[in-house]
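Scroll down for the structure; my scribbles are underneath it.
Residue numbers (the working numbering): -19 to 140.
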């Protein structure tokens, strides 16, 4: 993180890494906070890379954050950590614009903009869209159906 801006203090780096739940892991690395991440974050695994990417944006303390598929391909635990951080940003008055194909990550958003074939077809809260927007209903329904199928196929009953 300090490679981008040499003026960033180690205290500030540690603070944002603690916010994203990475401080303990980084301190256990052989070189701690002096560790070079490696090409494409090769020293870290999926969820850690996403959390470090978020930490890199948090360190600048901007008023607007544009998040593009940050929770894609994450396990539930890492997704929850990141979603809690984004909720904290919103509560502190920051604007978070989130692009996501995983609708479960945006159901609590103040406003959801629904696009179809590159065009905005509706906007509103989850509650409004689920009642009034056919495109959103279909997207949400297919995601829910996929989730239910996953649970069904991984249940203990199916293993026996």
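Heads up, the beta-carbon is just placed ideally off N, CA and C, and yes, glycines get one too.
Taking the CA atoms as reference points, residue 9 sits about 10 Å from residue 3. Between the segment 56 to 74 and the segment 93 to 105, the count of Cβ pairs shorter than 8 Å is below three; the stretches do not touch. Annotated as proximal: residue 70 and residue 76, with beta-carbon spacing under 7 Å.
The alpha-carbon separation between residue 12 and residue 5 amounts to approximately 9 Å.
For residue 70, the enclosing alpha helix (DSSP H) starts and ends at 56 to 71.
Counting C-beta atoms within 10 angstroms of its own C-beta, residue 56 has fewer than 16 neighbours from the protein chains shown and is therefore classed as exposed.
A Cβ-Cβ distance of about 13 Å is found for the pair residue 110 and residue 103, leaving them out of contact under the 8 Å criterion.
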